[in-house]
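Below: one structure, written as structure tokens.
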Amino acid sequence: MAAYGRSQHRQQFREFAKEEYIQEVHERNLAPRKRLTSCMLRSKVTAPSVQSFLGSLGIGLGEELQMVDKEANEVAAYRREYDTVRSNNMKKEHEVKKLQESLQEVTSLLSSRKVDGMTIQSKAMNLENRSAVQAGKKQSTHKEKELQSLDNDLAAGNATLHAARCAAEALQKKLAKGLSDTRDENARALDDLHLAIDTTRKKHELHEQRENSRRKIAQNVTGEQSAREMKRLRQESQTQAVQFTQIQNELMTTDAKLLTLEGDLRRLSEAAGTNDIDKIIAKYLSREETLRNLKEEHAITDAKMRKLRDNYKQLQELLATLRGATMNTRGIYQEMDDTAEKLKDIEKNASALQERCNRANVLQKLGRILDVINREKAEHELHRSEAMNASSHGGGMAGGGDDKRNSSLAQPSPSETEEHFILRVSTADNSQGNIRVRPKSQPKGSKVAKILRHSSQRDSIVIPKDKGRDEDDVAATVAAVATEDDPIIDRSMRKKLVGLVLNRGKRVKKGTTNNDKV
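Be aware that the sequence shown starts at 1, since it is given in the UniProt record's numbering, and climbs by one per residue.
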């Protein structure tokens, strides 16, 4: 519409310029006639006046008078033509003025319409910017609410972890108390052992004195009586030597148990992050419920993380759209910067949730370590009861058989793998003590096999560490590993268990060699 108006105004202006040029040419042609007519009008020369003037002078007119009349008629005709042309020029000037006024009006209208168009365009851009800002504000408020809910969930998780830590500390205190009681019992046993050694030494000295006296007396009796007496004394000395060896073996076994318990307690404290035995025991008793809650919380956290990733992608797309749509708006840039900062905060919250999931995995490992410690304690108690109930001679023979059996169990065969070796060693003792401390939900031996199988599967999983990895696939892999029903032991824990079993076999073998030497 504006272009059509401009073309029409240009055409009118061209017509007006053409008419002005024609008028100027016409005026140039009529200029000599106008000057002549004006001279005649100023002198007011007419035929009668000239005739009277010439008659008074005595001059006849004749043909000159006719010529003057003819010229006067021509002048009158020129005057009438001049009046006609002048009236036409006046009309045309009036039309030109009207056209100029209309041109000015059209020009002002065009400029006003241009200004209105610019104003409307700026208003449209402002409305678009305002709508984009309002949408960004709505999304920002929504994200703030989600962030607040995530903060609340994080606070609840921290409270749960604090409660679990308190339980682990209580358990550690209880275990430390039990260890101190065990040390006191061992100290009393050592005192009794030293007392028994002193008594045995005194008896040995008394027997030597008696033997010397009997040797002196034996010189006066027959050879048969002296031989029978020597045989009896030798049997008594052998019995005392066996008792001394048994006491020494028990002392070595007690020291080995103390070292094992101290190492287990230290590892348990490191894994639980606390030294309170009561808390550790309470945590162990409620491990199934804690594991179930942690799995549910992990699933919820994983879903929230996925949702946050989707929202993050949407916000990035919105941010790119806002940057392209609002190129010259400083307020929109500020809103975009605020949105980017909120996105960074959301990423920090996502990393905190990932760390929370890692802590949940540590709590699962703590439950598995407690199972292993209870199994070792049951084995130690079983060995101690067998050592206390065995007879002197029968105990020595059985000790040799047990040493051979333990040495055969402690050494892996060339054809079996590390997993089968740990499974065989952990399930070698079928006593009621071992069965009693295991969980009721799984049969004997199946838990260890599942632990080894899942540990091998977890070692085979390779998580990419490059910056361009797919975060959704990594989160799905972590969730799949964390939601397994069976516990998982990593490679370092397996190595520790194998070292513990091998060291136990070596200690048993070393004790048997010392007994043989004695």
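No residue lacks a Cβ here, since even glycine has one placed at the ideal position from N, Cα and C.
What's the call for GLY117, buried or exposed, on a 16-neighbour Cβ count within 10 Å?
-> exposed
What is the rounded straight-line gap between the Cα of ALA77 and the Cα of LYS70?
-> 10 Å
Reference LEU322, options ASN89, ARG183, ASN293 and GLU128, closest by Cα | GLU128
Boundaries (first-last residue) of the alpha helix (DSSP H) holding ASP278 | 277-285
To which residues does DSSP link LEU171 through a beta bridge?
-> ILE277
Pick from GLU262, ALA320, ILE346 and CYS357: whose alpha carbon is nearest that of LEU147?
-> ILE346
How about ILE280 and GLN139: are their beta carbons less than 7 Å apart?
-> no
Measure from the alpha carbon of ASP255 to the alpha carbon of each residue in HIS298, GLU185 and LEU291, then state which is nearest.
-> GLU185
Hey, how far is the Cα of LEU259 from the Cα of ALA159?
-> 35 Å
Could you tell me the distance, in whole angstroms, from the CA atom of LEU363 to the CA atom of ASN152?
-> 21 Å
Starting from the Cα of THR239, find the closest Cα among HIS204, LYS177 and GLU288 and give me that residue.
-> HIS204
Closest to ARG165 by CA distance: which of TYR284, LEU318 and ALA241 is it?
-> TYR284
Can you grab the Cα-Cα spacing for the pair VAL75 / LYS91, in whole Å?
-> 24 Å
Which one of LYS98, GLN246 and ILE277 has the shortest CA to CA distance from ALA168?
-> ILE277
Residue burial classification, residue 603 (beta-carbon count within 10 angstroms, cutoff 16) | What is shown of the chain runs 1 to 518, which leaves residue 603 out entirely.
Would ALA360 pass as a contact of HIS298 if the rule is Cβ separation under 7 Å?
-> yes
Going by C-alpha distance, which of ASP371, THR253 and ARG356 is nearest ALA155?
-> ARG356
Return the CA-CA distance between GLU81 and LYS98, expressed in angstroms with no decimal places.
-> 25 Å
Cβ-Cβ separation, ILE247 to LEU193 (assumed contact under 8 Å), whole Å | 6 Å
Using the rule of at least 16 other Cβ atoms within 10 Å of the residue's Cβ for burial, across every protein chain shown, is ILE373 buried or exposed?
-> buried
Leaving out five residues before and five after GLU335 in sequence, what residues of the same chain have Cβ atoms less than 7 Å from its Cβ?
-> VAL133 and GLY136
Who are the near neighbours of GLU262 in its chain, counting only those whose CB is closer than 8 Å to its CB and skipping five residues on each side?
-> LEU179
Taking LEU268 as the reference, give the member of ASN358, ASP371 and THR182 with the closest Cα.
-> ASP371
Starting from the C-beta of GLU93, find all residues in its chain whose C-beta is less than 8 Å away, skip the five residues before and the five after it, and write them out in chain order.
-> none
Cα separation between SER149 and THR141?
-> 12 Å
Leaving out five residues on either side along the sequence, give the residues of the same chain with a beta carbon under 6 Å from the beta carbon of GLY274.
-> As written in the sequence, residue 274 is Thr, which differs from the Gly given in the question. Result list for THR274: ARG165, ALA168, GLU169 and GLN172, in chain order.
For my contact list, LEU265 and LEU175 are in at a C-beta cut-off of 8 Å; report their separation, rounded to the angstrom.
-> 6 Å
Between ARG292 and SER286, what straight-line distance do the alpha-carbon atoms span, to the nearest angstrom?
-> 10 Å
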